[in-house]
Amino acid sequence: MQKRAILGAVAILVIIAAFVTSVLVFGDKSGEVEQLAGVEIREYEGKDLSSVNDFRENSIKGPQHVDLETYRLEVTGLVEEPAVYTCDQVIGDYDSYQKVVRLNCVEGWAVNILWEGVLVSDILDESGVLGEAVTIIFHAEDGYTTSFPVEYIMDNPIIMAYKMNDVTMPAERGFPFQLVAESKWGYKWIKWITRIELSADASYEGYWESRGYANDADLDKGYFGD
Ligand SMILES: Nc1nc2c(c(=O)[nH]1)N[C@H]1C(S)=C(S)[C@@H](COP(=O)(O)O)O[C@H]1N2
Ligand SMILES: [Mo]
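Heads up: the sequence shown is residues -12 to 213, going by my numbering.
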C-alpha cells in the first residue's frame, strides 16, 4: 500500500516536472505561427538573378522591423479621397505584377532581382490624384523620404514590391514595401514605405536629394545635384 502511494507520488512529480519543462521550452511560442522561408529563385526566363542577401545594408537608421499589426499605408495630400490600408489590403485589393529590374546604388554595386508587387498608379487611381498635384512624396518608417514628378509614377508601371525572387521581402530589404524605381538610382528605391503624399511642391527634396544628390536621379545621367 505504502509502495503504491510512493509510486503514485513519483508519477505525479514526473508529470509536473514534464509540464514545467514544456512551458519553459515552448511556453512563449504557443499560438505563434512561424514563418517558413521559401527558397528564392536565382534564374528567371534565362536571366541570372542576384540573391536577396547580396546587398550592402546602408540605410540611414539601419534595418526597420515593421509590425504588421500596427502597420498602415496612407495616401494623403492632394487626392480626392485619402486612404489608409493594412498590408493585407494592399496585397489583396490590387493586382500583382512581376518584373526583373536592376537596383544600382551610387556606391557602385548593383543587384538584379525578380520583384513582385502592386502598381503605385492603381493605388493612387483609387484615391484620385487632384490636378494641382505635381510631386509624389514617399515617406518611410525610418523618416527617409524621396519624391518623383506625378507623371513618373502615373505614366509608368512602377511597383511597390513585397516579394523578391519569389520570397517575402526580408525586413532589411524594406518589408513590407520597397519602391522599384526603375531607371532611377538606388536612393529613389525607398524601403519600409508608410505614406504616399501628393504635393504641389515642385522643388521638394528627399533625404539624399537635400544632401546634394540629383533630384531626377536618372541612371543614364549622373547622381550629382545640379
Ligand atoms: N527607408 C529607406 N529607404 C531607403 C534607404 C534608406 O536609408 N531608408 N536607402 C536607399 C539607398 S541609398 C539604396 S542604394 C537602396 C538600397 O536598397 P537595399 O538596402 O535593399 O539594398 O535603398 C534606398 N531606400
Ligand atoms: Mo544608395
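Glycine is no exception: its CB is placed at the ideal position from the N, C-alpha and C atoms. What you are looking at is a predicted structure, and each value in this text was computed from that prediction instead of being measured.
Boundaries (first-last residue) of the beta strand (DSSP E) holding residue i
i	result
Leu117	Here Leu117 belongs to no beta strand (DSSP E), and DSSP marks it neither H nor E.
Gln85	Ser83 to Asn91
His126	Thr122 to Ala127
Glu61	Leu60 to Gly64
Arg160	Note, Arg160: premise wrong, no beta strand (DSSP E); not H, not E.
Gly199	Segment: none, Gly199 is in no beta strand (DSSP E) and carries neither H nor E.
Leu101	Ala97 to Leu106
Ala148	Ile146 to Met151
Thr181	Ile180 to Ser186
Opening and closing residue of the alpha helix (DSSP H) in which residue i lies
i	result
Ile140	Val137 to Met141
Val77	Cys74 to Asp80
Same chain only: Cβ atoms within 8 Å of residue i, ignoring 5 sequence neighbours per side
i	result
Val66	Leu111, Ser114, Gly115, Val116, Leu117, Ala120 and Leu185
Val154	Ala24, Gly25, Val26, Glu27 and Val39
Tyr58	Thr73, Cys74, Pro163 and Thr181
Asp35	Arg29 and Asn99
Pro69	Glu61, Val62, Thr63 and Ser114
Glu196	Thr133, Ser134, Tyr174, Asn202, Ala204 and Gly212
Val137	Val116, Ala120, Val121, Thr122, Ile123 and Leu185
Glu192	Ser134 and Asn202
Leu11	Bear in mind that the predicted position of Leu11 carries a pLDDT of just 46, short of 50, making it too unreliable to give a figure here.
Own chain partners of residue i with C-beta closer than 7 Å, once the 5 adjacent residues on each side are dropped
i	result
Trp172	Asn91, Val93, Ala204, Leu206 and Tyr210
Glu159	Glu44 and Pro50
Tyr131	Ile47, Ile177 and Tyr194
Ser37	Val98, Asn99 and Ile100
Ala187	Leu65, Glu119, Ala120 and Val121
Residue from the options whose Cα sits closest to the Cα of residue i
i	options	result
Ile124	Ile28, Lys150 and Tyr194	Tyr194
Gly104	Gly79, Pro50 and Glu128	Gly79
Leu101	Phe135, Met156 and Pro69	Met156
Lys48	Glu192, Ala127, Val62 and Glu56	Ala127
Ile140	Tyr174, Asp129, Asp35 and Ala168	Ala168
Lys175	Ser46, Asp188, Arg(-9) and Glu30	Ser46
Asp41	Leu55, Val98 and Glu68	Val98
Leu55	Ala187, Tyr191 and Gly161	Gly161
Ser170	Lys208, Arg(-9) and Ser37	Lys208
Whether residue i touches residue j by CB criterion (8 Å)
i	j	result
Trp179	Val53	yes
Ile183	Gln165	no
Asn152	Glu27	yes
Pro144	Tyr84	yes
Ala189	Thr122	yes
Val87	Met147	no
Asp109	Asp82	yes
Own chain, CB closer than 6 Å to residue i, minus 5 neighbours either side, in chain order
i	result
Leu60	Tyr72 and Val77
Asp15	Reliability fails at Asp15, whose pLDDT of 44 lies under 50, so the model's placement of it is uncertain and no value is given.
Arg89	Ala97 and Asn99
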